[in-house]
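**Student:**
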Amino acid sequence: MKTFIVSAAMAATLTLTAVPTALLAQDEAYTKGSVKAIDADAGKVTLIHEELENLGMPAMTMVFRADPELIAEMEEGEEIEFVADRVEGKLTVVELKE
Ligand SMILES: [Cu+2]
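Numbering-wise (our numbering), the sequence shown opens with residue -12 and increments by one.
Below, the structure written as structure tokens:
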């Protein structure tokens, strides 16, 4: 039983030390892009983006969906760092770096 308790404590320590690594990995998932056009009414933004590794997509210019709160933080011509993913099958900006 004592062995079990020690193992559990070690497992908890390992879990805690794994957190910063997970945050780092998420930080590296940001992709650089430039805001080419914004259509707030349609909930869409045109981004000139670098390679999106999580989507297996090379650099290109394309339209993404984005929530109004994220669109409000963007300006045409602005350089951004963002995370995109498929939401209900549609390519969407899900995170924007401040
Ligand atoms: Cu693309």
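Note that beta-carbon positions come from the ideal geometry of N, C-alpha and C, so glycine has one too. Because the structure is a prediction, the values reported are computed rather than measured.
Within this structure, are the beta carbons of Glu37 and Lys19 separated by less than 9 Å?
**Tutor:** yes
**Student:** Give the range of the alpha helix (DSSP H) segment to which Leu57 is assigned.
**Tutor:** Pro55 to Ala59
**Student:** Is it buried or exposed for Ala24, if we count other Cβ within 10 angstroms and need 16 for buried?
**Tutor:** exposed
**Student:** Name the residue from Gly43, Glu82, Thr33 and Val22 whose alpha carbon lies nearest to the alpha carbon of Ala71.
**Tutor:** Glu82
**Student:** Under 8 Å: does the beta carbon of Leu57 sit that close to some heavy atom of ligand 1?
**Tutor:** no
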